[in-house]
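Written below as structure tokens is the structure these notes are about.
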Amino acid sequence: MAYNLLKGKKGIIFGALDENSIAWKTAQHCHAEGAEIVLTNAPIALRMGAINKLAEEINAPVIPADVTVAADIENLFAKSIEHFGGQVDFVLHSIGMSINVRKGIPYYENNYEFTHKGFDISALSLHRVLQTAMKMDAIAEWGSVVALTYIAAQRVFPDYNDMSDNKAVLESIARNFGYYYGTKKKVRINTVSQSPTRTTAGSGVKGFDGFINYAEKMSPLGNADADQCADYLVTLFSDLTKMVTMQNLFHDGGFSFTGVTQAVIDQMEK
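For the sequence shown, the positions run 87 to 356 when the working numbering is used.
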């Protein structure tokens, strides 16, 4: 059921790869709530994914952008402003990549060239996007930027590897830029810490099935899925949350504040 929460709003969504991705679901939900969308991803991701199907469904242009290249981001904002005929109201940063994870290299043996590349894509990209947007005055007053993160930024999860470091920096960038952009243009910036979700990227983490089952048992409400996350993101892009900024918001069924559940105790005692 749609409520027209984003009627008249215009947004850029980074990271829609396929139907399993949170960014894909978010684009659909934002469109259903009345928003106009520009889709973007790295050129290689566009070749690998099925984003044109989504673009046709929601009548959105696809503008390639490598988030490690400032000129690409400038071009993205310039073309988006041209397409919309004005500033952007919201941005979703749903970007993350670890070569160390992909190659099965443990955290304590990380290849630093791989680490630097993952850091640039997964964390520093948010700073680059916000810096460019501020310089170009691309985001309208009271606009909203959300970046997806995970609780591994605060706690140790084996095999999440250097992505935990990337997410910790991502959250710090959101807080710091939230101050400066909020002071200057009333733009609010938050991170959403989502439950482990069966996306193409998430499924690449070693032991993911066991991990998601554990989180399900540890969450009083169970794991939040991609559609539920998309609904939550819609509210953060809407005018209903105009005074929420610089926050790391947990959308995880209560996992983040649960010490232990009876289901986990019962499992341990078997």
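The beta carbon of each residue, even a glycine, is placed where N, CA and C say it ideally should be.
My guess is that residue 277 and residue 312 are in contact by the Cβ rule of under 8 Å, so how many angstroms apart are they, rounded? The residue labelled residue 277 in the question sits at position 191 within the sequence shown. The residue labelled residue 312 in the question sits at position 226 within the sequence shown. At roughly 17 Å, the Cβ-Cβ gap does not stay under 8 Å, so residue 277 and residue 312 are not in contact.
Below 7 Å between beta carbons: does that hold for residue 345 and residue 305? Numbered from its first residue, the sequence shown carries residue 345 at position 259. Numbered from its first residue, the sequence shown carries residue 305 at position 219. Their beta carbons are not under 7 Å apart, which means residue 345 does not touch residue 305 by this criterion.
What are the residues that DSSP puts in a beta bridge with residue 103? Against the sequence shown, residue 103 aligns to sequence position 17. None, per the DSSP bridge assignment.
Assigned secondary structure, residue 95 (DSSP; H/G/I helix, E/B strand, else coil): Sequence index remark: in the sequence shown, residue 95 carries index 9 (1-based). In this structure, residue 95 counts as coil in the three-state DSSP scheme.
Beta-bridge pairing of residue 280 - partner residues as DSSP gives them: If you number the sequence shown from 1, residue 280 lands on position 194. Its beta-bridge partners are 337.
Tell whether a beta-carbon distance below 7 Å holds between residue 140 and residue 119. As a working mapping, residue 140 is identified with position 54 in the sequence shown. As a working mapping, residue 119 is identified with position 33 in the sequence shown. Result no, Cβ atoms of residue 140 and residue 119 do not sit closer than 7 Å.
Roughly how many angstroms separate the alpha carbons of residue 131 and residue 146, rounded to a whole number? If you number the sequence shown from 1, residue 131 lands on position 45. If you number the sequence shown from 1, residue 146 lands on position 60. If I take the Cα positions, the gap works out to 17 Å.
Residue range of the unbroken alpha helix (DSSP H) whose run includes residue 250: As a working note, residue 250 is residue 164 in the sequence shown. Segment 249 to 271, the alpha helix (DSSP H) holding residue 250.
DSSP bridge partner residues for residue 122 (one or two, in chain order): Here residue 122 corresponds to residue number 36 of the sequence shown, with the count starting at 1. DSSP output for residue 122 lists 96 as bridge partner(s).
Just to confirm the assignment, what range does the alpha helix (DSSP H) spanning residue 204 have? Counting from 1 along the sequence shown, the entry for residue 204 is found at position 118. Start and end: 198 to 205.
State the Cα-Cα distance for the pair residue 239 and residue 122, rounded to the nearest angstrom. Start at 1 with the first residue of the sequence shown, and residue 239 comes out as number 153. Start at 1 with the first residue of the sequence shown, and residue 122 comes out as number 36. For residue 239 and residue 122, the distance between alpha carbons rounds to 32 Å.
Around the C-beta of residue 179, are 16 or more other C-beta atoms found within 10 angstroms, so that it is buried, or is it exposed? Against the sequence shown, residue 179 aligns to sequence position 93. That one is buried.
Residue closest to residue 255, alpha-carbon to alpha-carbon, out of 294, 266, 237, 267: Start at 1 with the first residue of the sequence shown, and residue 255 comes out as number 169. Minimum Cα distance to residue 255 is reached at 237.
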